[in-house]
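A short worksheet on the structure shown next.
In full-length UniProt numbering, the protein residues as written are 1 to 264.
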């Protein structure tokens with residue numbers, strides 16, 4: 001390895017990966033995911049129809065940027081290791097294989113098995129959504145007229161009233177059971193059992209806000225999964241490259257041979 005202070009390291013790759021991943025999820029939330037795709041009837045919303053198709057494009061663009069940035073850093077690493085000679089094929093294979101096997105599998109599993117997101121969604125994700133006011137938003141949707149008499153009241157059995165009161169005081173368990181995938185079914189259920197207030201302009205606005213906070217909870221979980229996978233990919237790649245055997249080109253071998261002859 002050459003004595004070069006500019007040798008790329010794991011920290012640099014991780015910083016690049018962190019910012020690419022952070023920007024990816026931030027833009028996904030702002031442009032695509034915070035818009036509720038389905039209403040309580042299971043019909044596509046106007047916002048959902050406009051924004052939904054952009055999700056796959058963001059994802060493709062993200063993975064292309066991640067892989068290209070890693071290839072660039074890893075090519076610089078091989079150059080510093082092998083005396084300023086870039087090992088292009090080695091850098092590409094050392095980058096692509098771990099990304100496909102580790103990051104690719106994590107992506108597929110999060111899509112096919114959303115339950116994988118629950119551990120982080122219900123801890124770090126819940127914390128982020130709680131800062132955003134998800135408990136308050138949920139409580140503004142809650143129907144509190146079930147014990148009143150007269151116009152606007154609803155009739156419930158005592159056990160239902162007790163359950164509703166319990167949820168109202170501590171909605172954390174209910175919140176942790178809401179995901180973007182089951183949101184419209186959750187909304188249907190809450191309206192059918194009369195836990196939510198009847199639909200009106202204010203209620204509909206709060207439902208959209210609730211959905212956006214549920215999305216934050218979900219995206220925080222995905223972000224953590226991606227960071228863990230990215231860390232494993234980058235460290236695996238780095239370890240394989242620093243232990244590689246340099247392949248010199250014919251021109252470099254000829255140059256080295258000439259230097260050897262001069263010394264002799």
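We treat Cβ as the ideally placed atom computed from N, Cα and C, and that holds for glycine.
The alpha helix (DSSP H) with residue i in it runs from where to where?
i, result
"residue 34", "That residue, residue 34, is in no alpha helix (DSSP H); it is neither H nor E in DSSP."
"residue 76", "54-81"
"residue 176", "172-176"
"residue 215", "201-242"
"residue 19", "10-28"
"residue 128", "126-131"
"residue 111", "105-112"
"residue 90", "88-98"
How about residue i and residue j: are their beta carbons less than 8 Å apart?
i, j, result
"residue 143", "residue 62", "no"
"residue 86", "residue 79", "yes"
"residue 229", "residue 108", "no"
"residue 241", "residue 28", "no"
"residue 34", "residue 212", "yes"
"residue 95", "residue 237", "yes"
"residue 216", "residue 128", "yes"
"residue 197", "residue 203", "yes"
Identify every residue that forms a DSSP beta bridge with residue i.
i, result
"residue 196", "142"
Thinking just about the alpha-carbon of each residue, which of the options is nearest to the one in residue i?
i, options, result
"residue 16", "234, 100, 108 and 111", "234"
"residue 180", "232, 114 and 127", "114"
"residue 266", "97, 245 and 170", "Only positions 1 to 264 of the chain appear in the structure, and residue 266 is not among them; the question remains open."
"residue 171", "53, 11 and 130", "130"
"residue 64", "245, 53 and 99", "99"
"residue 239", "125, 31, 77 and 83", "77"
"residue 243", "105, 32, 82 and 19", "82"
"residue 214", "193, 186, 191 and 201", "186"
Could you check whether the Cβ of residue i sits closer than 8 Å to any Cβ belonging to chain D?
i, result
"residue 212", "In the structure shown, chain D cannot be found, because there is only a single protein chain."
### Cβ contact (3+ pairs, closer than 8 Å) linking the region 52-61 and the region 210-229
no
### Message
Count Cβ pairs between the region 131-141 and the region 201-211 that sit closer than 8 Å; are there 3 or more?
### Response
yes
#### Entry: Stretch-stretch touch, CB-based, cutoff 8 Å, three pairs: the region 87-101 with the region 112-124
no
### the region 163-182 contacting the region 125-140, beta-carbon criterion three pairs below 8 Å
yes
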